[in-house]
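In my numbering, the protein residues as written are 547 to 992.
Written out below as structure tokens is the structure these notes cover.
Below, the structure is given as structure tokens:
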């Protein structure tokens, strides 16, 4: 058996094609939302196996990848069969010795990664759509994707208001504890997040579409789980690798809200780019990532081609830098993920000590927030995100359950508590209100 790829005769948007399999466990959409810098969007379904929990998950995934049949399709396609899915922040516990102080109250596995021999790929610029599958199933799957399909309308609504896991006073106390750690020299920067939760009823895929419409984030994703779903509208790339071992990471550190007035909006972006505190935070994480990449990259190959670039999204402006490197072994894409996981932009520096303090101060574990979504092709190409602006939904019945959303920020010695607290709300300004408003509309219409 071999894997092959054929071009499909369809112009249906990929997000609409996904609707026909959005109910399937481990159906995954990696969605660039037509971002100008994006090249490919993906649908993965019906994995050959799923890895959910393993103390040695990097080795388990490497062995799974080695089981794939050979690929005999066009070489330019980004996915030749391989791994795709989501890694929780807590998957990092398999890589480092960390305390277990925060409550683990979300009953989901620490990773949901499938071994896929079936994928749909859409090139954003050309519009070409390719189907990857075992050769014997190509004709049947081609008919599946090209046949007409009419989705059944579905609703989603929150049934309770959003509730944070910490009050302003509690956030302030934790901020002061971080300042004490910084003064003591434990860390240079520590990320602190608060978690919002609510109850919901209805279709989680509909919730993702509402978030997608309002955010248009380049590393968006939806993953259906047997126990719920993961919804991400992340703007941040973690690690991208090509088949020759060229690596790129784009850490975000520095945030300002968007303004409706164009002149004021530009002032906010300029202020962010020139702010000494935000630039200092950014440099700390760039240095951390340079160190992480250097573990497996050719000595001297790690470079910073772009420092302090402004990238603007629906809710916020971000300060973004780019770090590149060259893997000594182009097939070390999974070992590099393990060497860099979780991303330094959402922990602090030094990373391990920051993670220990996060576990001490945040009341509950982060689950998939600050983990990663992405794919790893058997020929070496890979792309992953940092799972910020990410929601985790668990289901008590097929259409009711709890939904969680986090927001955090890096705190340094000259951080202002009120500003840091407000920044967490700026980051979810196109998430929490979007689902609240949609719920109000559903209630009014009914």
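The beta-carbon is built from N, C-alpha and C at its ideal position, and this holds for glycine as well.
No experiment lies behind these values; they were computed from the predicted model shown.
Rounded straight-line distance, which links the Cα of residue j to that of residue i
i           : j           : result
residue 599 : residue 641 : 13 Å
residue 974 : residue 744 : 14 Å
residue 682 : residue 616 : 14 Å
residue 894 : residue 816 : 25 Å
residue 578 : residue 796 : 16 Å
residue 557 : residue 956 : 42 Å
residue 750 : residue 978 : 14 Å
residue 566 : residue 880 : 31 Å
residue 961 : residue 800 : 12 Å
residue 605 : residue 787 : 19 Å
residue 940 : residue 775 : 7 Å
residue 980 : residue 757 : 7 Å
residue 951 : residue 762 : 18 Å
residue 620 : residue 591 : 21 Å
residue 753 : residue 966 : 28 Å
residue 835 : residue 582 : 26 Å
residue 922 : residue 972 : 32 Å
residue 623 : residue 629 : 15 Å
residue 945 : residue 748 : 5 Å
Residue closest to residue i, alpha-carbon to alpha-carbon, out of the options
i           : options               : result
residue 862 : 749, 830 and 798      : 798
residue 928 : 705, 794, 775 and 774 : 794
residue 935 : 849, 777 and 721      : 777
residue 959 : 882, 971 and 721      : 721
residue 734 : 757, 765, 647 and 725 : 725
residue 547 : 790, 684 and 669      : 684
residue 954 : 946, 891 and 924      : 891
residue 574 : 884, 593, 554 and 904 : 593
residue 576 : 625, 619, 620 and 942 : 625
residue 690 : 666, 709, 790 and 672 : 666
residue 671 : 654, 584, 611 and 804 : 584
residue 746 : 644, 706, 569 and 611 : 706
Residues near residue i by beta carbon distance below 6 Å, same chain, minus five either side
i           : result
residue 650 : 911
residue 736 : 724, 894, 900, 903 and 957
residue 913 : 634, 652 and 938
Endpoints, the alpha helix (DSSP H) within which residue i is located
i           : result
residue 876 : Where residue 876 is concerned, there is no enclosing alpha helix (DSSP H), given that its DSSP letter is neither H nor E.
residue 718 : 714-730
residue 823 : 822-840
residue 753 : 750-761
residue 901 : 897-907
residue 587 : Unbroken run through residue 587 is the beta strand (DSSP E), 586-590; no alpha helix (DSSP H).
residue 996 : No answer is possible for residue 996: it lies beyond the span of the chain, which begins at 547 and ends at 992.
Residue i - containing beta strand (DSSP E), residue span
i           : result
residue 927 : Per DSSP, residue 927 belongs to no beta strand (DSSP E) and is neither H nor E.
residue 799 : 798-803
residue 658 : 657-662
residue 691 : Where residue 691 is concerned, there is no enclosing beta strand (DSSP E), although the alpha helix (DSSP H) it sits in stretches over 684-692.
residue 550 : 549-554
residue 976 : No beta strand (DSSP E) contains residue 976, which DSSP labels as neither H nor E.
Residues near residue i in its chain [Cβ-Cβ closer than 7 Å; skip 5 each side]
i           : result
residue 854 : 819, 825, 828, 865 and 867
residue 885 : 838, 841 and 842
residue 876 : 789, 790, 791 and 926
residue 688 : 552, 554 and 677
residue 856 : 815, 818, 819, 863 and 865
residue 607 : 597, 629, 659 and 880
Contacting residues, own chain, Cβ-Cβ under 8 Å from residue i (five flanking each side not counted)
i           : result
residue 931 : 765, 767, 778, 780, 782, 783, 784, 918, 919 and 920
residue 550 : 617, 618, 619, 678, 679, 680, 681 and 684
residue 522 : In the structure as shown, the chain starts at 547 and stops at 992, and residue 522 therefore has no counterpart that could be examined.
Sheet register partners of residue i (DSSP bridge)
i           : result
residue 951 : 742 and 937
residue 617 : 549
residue 870 : 794 and 849
CB contact below 9 Å: residue i versus chain B
i           : result
residue 916 : This model lacks chain B altogether, as it is built from one protein chain only.
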